[in-house]
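Just so you know, the sequence shown maps onto residues 1 to 129 in full-length UniProt numbering.
Okay, so here's the structure we're looking at.
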Amino acid sequence: MSEHPVLELIKHADRAISAEDFDALMAFYADDAVLVVQPGQIAKGKPQIREAFVAIAEHFKNALTVTQGEAQVIEGADTALVIMETHLHIGEVAEPMTRRATYVFKRDQTRGWLCTVDNSYGTDLLGAG
1 MSEHPVLELI KHADRAISAE DFDALMAFYA DDAVLVVQPG QIAKGKPQIR EAFVAIAEHF
61 KNALTVTQGE AQVIEGADTA LVIMETHLHI GEVAEPMTRR ATYVFKRDQT RGWLCTVDNS
121 YGTDLLGAG
């Protein structure tokens, strides 16, 4: 069975985050997408999402590398739910921080799959505040 196309998009997005190529990263998102920056803080729309990623890079002192682990994609009605391990490698820290992320993608007729919800915290948001 071949890999779902959104998984390849996520790999490209991870490379853009790690390289701090935020212009390339914005092609990954729908115009009205949302990003969970941290529990209780959501960036809405590409301008806010871009600002959030710049702040995240600065927070991690420009030493963040993102990779993915195990993933499941559930697709229906031109929508894909992605449940995935996200590994955050921070500078010289030996062990990555691992989260069980959830992402939602919508298939656009002209632009293909676009991320509409980017939640690297996954279900950890429950009970977080």
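We treat Cβ as the ideally placed atom computed from N, Cα and C, and that holds for glycine.
No experiment lies behind these values; they were computed from the predicted model shown.
In chain order, what residues of the same chain lie with their CB nearer than 8 Å to the CB of Ser18, ignoring the 5 residues before and after it? If we look at Ser18 and ignore the five residues flanking it on each side, its Cβ neighbours are Leu64, Thr65 and Val66.
Where the alpha helix (DSSP H) containing Leu35 begins and where it ends: Premise fails: Leu35 lies in the beta strand (DSSP E), Tyr29 to Gln38, not in any alpha helix (DSSP H).
Give me the Cα-Cα distance between Arg107 and Ala27, rounded to the nearest whole angstrom. Their backbone Cα atoms lie some 14 Å apart in a straight line.
Top-ranked residue by Cα proximity to Glu12, from His4, Ser2, Glu3 and Leu25: Looking at the sequence itself, residue 12 is His, so the reference to Glu does not match. For His12, the closest alpha carbon among the candidates His4, Ser2, Glu3 and Leu25 is that of Leu25.
State the beta-bridge partners of Phe105 as determined by DSSP. DSSP output for Phe105 lists Ala80 and Cys115 as bridge partner(s).
Nearest CA to the CA of Arg99: which residue from Thr86, Val93, Thr110 and Ile90? Nearest C-alpha to Arg99: Thr86.
Quick one: residues in its chain with C-beta nearer than 8 Å to the C-beta of Trp113, no 5 flanking neighbours on either side, listed in chain order? Result list for Trp113: Pro5, Val6, Leu9, Ala80, Phe105, Lys106 and Arg107, in chain order.
By the DSSP assignment, the alpha helix (DSSP H) with Lys46 in it spans what residues? Lys46 -> alpha helix (DSSP H) spans Gly45 to His59.
Option nearest Arg50 by Cα separation, candidates Ala16, Gln109, Ala77 and Asp78: Checking every option, the nearest Cα to that of Arg50 belongs to Ala16.
Taking just the CA atoms, how far does Pro39 sit from Val82? Cα to Cα, Val82 sits roughly 19 Å from Pro39.
If you drop the 5 nearest sequence neighbours on each side, which residues of the same chain put their C-beta closer than 8 Å to that of Asp78? Excluding sequence neighbours, Asp78 sits near Lys106 and Arg107.
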